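The opening position of the sequence shown corresponds to residue 635 in my numbering, with each subsequent residue numbered one higher. Where a beta carbon is used, it is the ideal one built from N, C-alpha and C, also for glycine. These numbers come from a predicted model, not from an experiment. In what follows, a structure is listed as structure tokens, so that the remarks can point back to it.
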Amino acid sequence: MSFSSQDFRKAMSHFTTGVAILTRCDSDGNPHGMTINSLTSASLKPPLLLFCLNKYSKTAHYFTETPSFAVNILSGEQESLARSFAAHDLKDWKEVEWAVSSFGNPILKGIVAALECKPKAIHAAGDHHILIAEAQNLDILSTENPLIFYKSHFHSFGE
Numbered sequence: 635m636s637f638s639s640q641d642f643r644k645a646m647s648h649f650t651t652g653v654a655i656l657t658r659c660d661s662d663g664n665p666h667g668m669t670i671n672s673l674t675s676a677s678l679k680p681p682l683l684l685f686c687l688n689k690y691s692k693t694a695h696y697f698t699e700t701p702s703f704a705v706n707i708l709s710g711e712q713e714s715l716a717r718s719f720a721a722h723d724l725k726d727w728k729e730v731e732w733a734v735s736s737f738g739n740p741i742l743k744g745i746v747a748a749l750e751c752k753p754k755a756i757h758a759a760g761d762h763h764i765l766i767a768e769a770q771n772l773d774i775l776s777t778e779n780p781l782i783f784y785k786s787h788f789h790s791f792g793e
């Protein structure tokens with residue numbers, strides 16, 4: 635290989651992605667979440683999503699070992715929320731506005747859309763897990779512009 639992982643990361647930073655937060659409650663009712671930007675649709679019939687989780691993340695197991703979770707697609711105004719959930723699994727959700735869905739997952743306030751999913755397949759790939767999930771429910775909640783990630787920075791359309 636004639637390039638470093640940093641070179642690869644820099645090259646891929648030129649590909650614009652959306653930003654979402656995965657959320658779920660554990661068996662004790664405690665909420666958990668993590669920011670992702672590798673989300674893509676994988677199939678329309680059935681409706682499948684695909685995203686990648688770092689194997690070494692302290693939060694990934696909440697989403698690989700669960701019957702369901704929510705994908706919260708963030709609005710352009712939610713950069714601070716994305717940063718909070720990217721840094722670590724929040725232990726204190728007092729500052730986070732959310733409601734519990736009929737599936738029992740946290741749905742964050744102010745998001746563009748929410749999809750509630752069940753894991754279908756997990757594949758090991760390098761230092762990540764590729765998770766494929768089937769959407770069981772969805773709500774489009776806003777017409778706001780989404781939060782995007784480009785060249786290692788958060789942006790919103792119209793900036």
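Assumed close pair residue i, residue j - CB separation to whole angstroms, cut-off 8 Å
i, j, result
"P753", "T700", "7 Å"
"H763", "T698", "6 Å"
"S709", "L656", "Actually they do not touch by this definition, with Cβ atoms about 16 Å apart."
"E750", "A704", "5 Å"
"L775", "A748", "6 Å"
"G760", "F719", "Not quite, the Cβ-Cβ distance comes to about 23 Å (not below 8 Å), so this is no contact."
"I707", "G744", "Wrong, their Cβ atoms sit about 11 Å apart, outside the cutoff."
Coil, strand or helix - residue i by DSSP
i, result
"H763", "strand"
"K752", "strand"
"F649", "coil"
"L722", "Just to set this straight, residue 722 is His in the shown sequence, not Leu. If DSSP states are grouped into helix, strand and coil, H722 belongs with coil."
"F783", "strand"
"S776", "coil"
"L742", "strand"
"E768", "strand"
"S714", "helix"
"F788", "strand"
Residue i versus residue j: straight-line alpha-carbon distance, rounded
i, j, result
"Y784", "L742", "23 Å"
"R717", "K644", "19 Å"
"S691", "P681", "26 Å"
"N773", "S702", "Note that residue 773 is Asp in the sequence shown here, rather than Asn. So the alpha carbons of these two residues sit roughly 16 Å apart."
"V746", "E778", "6 Å"
"K679", "A769", "10 Å"
"S636", "E713", "35 Å"
"H757", "L673", "15 Å"
"L724", "R658", "12 Å"
"P740", "S661", "13 Å"
"A721", "S677", "30 Å"
"N671", "G663", "26 Å"
"A767", "Y696", "14 Å"
Three CB pairs or more closer than 8 Å across the segment 709-729 and the segment 677-687: Segments in contact, no.
Validate contact between the segment 638-652 and the segment 732-743 using beta carbons, cut 8 Å, 3 pairs: No: fewer than three Cβ pairs fall under 8 Å.
Start-end ranges of the beta strand (DSSP E) lying completely within the segment 635-703, minimum 3 residues: 654-659, 665-670, 674-677 and 682-688
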